[in-house]
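No gaps in the numbering here: position 51 of the sequence shown is 31 in our numbering, and each next residue is one more.
Every residue, glycine too, gets a C-beta built ideally from N, C-alpha and C.
Reviewing the structure listed below.
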Amino acid sequence: MKMLKQVQQMQGRMAKVQAELESETVEASAGGGAVRVIATGAQKVVSVVIDPAAAEDTEMLQDLVVAAVNEAMELSKQLAATKMQGVASGLGLPPGLI
């Protein structure tokens, strides 16, 4: 019975963290700020800002967008992992279980 209660608590906390991650954002940039990407903690890109001067070199711009998006996704995953570790440790679960 105790284990069932722990599972229910964990599900509730995970749902809360997932909702928080939807509203928390991370920002990444590439090319010295020529491209900036904002993403949520739920790995959704919400904004891409491109310096008009960067648009002159299409190939470079493509590389900068890819780099900024990849960095934003990595930061978003790190944010989510940190939040989920808090849920696991709060329930006495070993790190990395969630």
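The three-state reading of DSSP puts alanine 14 in coil, since its state is none of H, G, I, E or B. Rounded to whole angstroms, the separation of the alpha carbons of glutamate 2 and lysine 57 is 12 angstroms. Following the DSSP letters along the chain, one finds alanine -1 inside the alpha helix (DSSP H) bounded by residues -18 to 3.
Your pair valine 67 and methionine -6 checks out as a contact, with CB atoms roughly 6 angstroms apart and the cut at 8 angstroms.
Around the Cβ of alanine 35, a 10 Å sphere holds fewer than 16 other Cβ atoms; the residue is exposed.
In the three-state reduction of the DSSP assignment, alanine 61 falls in the helix class, which pools H, G and I. Taking C-alpha positions only, lysine 24 is separated from alanine 60 by approximately 12 angstroms. CA-CA distance, valine 29 to glutamine -9, rounds to 36 angstroms.
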